[in-house]
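**Q** Starting off with a structure, shown below.
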Amino acid sequence: MARQWSGGHSAAVLCVGVSGDPGGPLASGGEAGEVALWAPDGTPLGTARLRGGEDVTCAVFSPVSPNALYVSHGEAVSALDPRSLKGPAEELRVGADEINWLHTNICSSVAFRPRRPHSLVSAGLDMQVMLWSLQKARPLWTANLQDFAEEEEEEGSVQSSGQLLNPPLAHCVSVATCGNVVACGAEDGRVHLLQVGAGSRVERHVSLRTHSQGVSQTHFLSFLSHPYWLATGGNDSQVALWDVSWALGSTGGESKGGEAAPSRRHRGKRPVKPKAQVPADKLGQGVEEGASAAETGHTLSPGKDTGPRLRFSHGDKVNWLCPALLKGEPCLLVADQGSAITVYSLSGISHKDSGSQPF
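Just so we're aligned: the sequence shown equals residues 51 to 409 in the numbering used here.
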């Protein structure tokens, strides 16, 4: 059964981060500047309230130093020592002259590509996804999610249900451990998968209809049977786990065949569609919008289908998802509008074709 961690926050939890050290702590940030530290068993280890009381929107442990925790709040990033949360050891503020105004609206999410420390993916409320080279301080390409949606409409791959869809504002971006597969959750209820090939060019795009409302969270899991397990959470209170390896070929790495899209897609222009693309009638099949936990039964979907392998109703709008190994147990931590963190066990899907119950 799901379990809850409480005692670290007095208001909504907005983000959760996990230490890279096995058995290391976890951190959460919330409204009013609250930061909490947790043991893997859910015991609160310490709390702090940052000066100014600005909401803590992201918490990340340093991958090279287990005693460095970075949290973003307002226009600053504070460095904290998890061994003592008395106050920030350092506060970083960015000068206005160091900001590149490439997104025309809020840049909502960024992620480094694993094994490529100078390559960064960003997504924004301008419906743009960009791949950056930090050495050149400019994007290598720009993908417009609105253009993708218009292409699907023109080709008839989107079936009208009479429902008005929100524009595909990009909320969250995640990169698989291979470094070549990007997932972006959007306000129109879709997750866009972009496969990066040779020369850092987009070779494949697939969109999945995953939620009936905006997709607030997308995170690849690195500790299951392969790196293309994707967890999603949405404003419809649904949480789902997808095996997206079917959409990316046999490996999900750099494609050997197929015609690549242009290395950069300029805003306002229709991107050239790659030939290597999954047929539209296979996208997102098996997703039942608004299904409850009782309807899904928290069960796995055996076989190689394109629907979610696991889906359930969390019962509240999802603020954050955090995949984590807790004492060797694969788990998914969910933060919502409340002050507690809910932990769901994924032990039933440690193997790809397992048919056991996940809870």
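Ideal placement from N, C-alpha and C gives every residue a C-beta, glycine not left out.
Rounding to the nearest angstrom, what Cα-Cα distance links Q196 and E84 in this structure?
**A** Taking the straight line from one Cα to the other gives about 36 Å.
**Q** According to the neighbour-count rule (16 or more other Cβ atoms, all chains shown, within 10 Å of its Cβ), is G174 buried or exposed?
**A** Looking at its Cβ environment, which holds 16 or more other Cβ atoms inside 10 Å, G174 is buried.
**Q** Below 8 Å on the Cβ atoms is my guess for P373 versus A281; work out the distance and round it to an integer in Å.
**A** 6 Å
**Q** Give me the DSSP bridge partner(s) of N194.
**A** Q178
**Q** According to DSSP, is L219 helix, strand or coil?
**A** Note: L219 maps to coil in three-state DSSP.
**Q** T93 CB to nearest chain D CB: under 8 Å?
**A** This model lacks chain D altogether; it includes just one protein chain.
**Q** Have a look at the DSSP bridge pairing and note the partners of D131.
**A** In the DSSP assignment, the residues bridged to D131 are S134.
**Q** What is the DSSP secondary structure of S60, reduced to helix, strand or coil?
**A** Three-state result, S60: coil.
**Q** From this set, R133, A233, V127 and R101, which residue's C-alpha is nearest L76's C-alpha?
**A** R133
**Q** Please report how far the alpha carbon of W55 lies from the alpha carbon of A390, in whole angstroms.
**A** 6 Å
**Q** Strictly by DSSP, which residues pair up with I373?
**A** At residue 373 the sequence reads Pro, which differs from the Ile that was named. DSSP lists L382 as partners of P373.
**Q** L152 by DSSP, collapsed to three states: which one?
**A** In the three-state reduction of the DSSP assignment, L152 falls in the coil class, being assigned neither a helical nor a strand state.
**Q** Residues in its own chain within less than 8 Å of H401 by CB, not counting five upstream and five downstream?
**A** Only weak support is given to the placement of H401: the predicted model assigns it a pLDDT of 45, under 50, and the question is left unresolved by the model.
**Q** Cutting at 6 Å between CB atoms, please list the residues of its own chain near E345, excluding the five before and the five after it.
**A** Bear in mind that the predicted position of E345 carries a pLDDT of just 33, short of 50, making it too unreliable to give a figure here.
**Q** Does the structure place the region 257-264 close enough to the region 239-248 that three or more beta carbon pairs sit under 8 Å?
**A** yes
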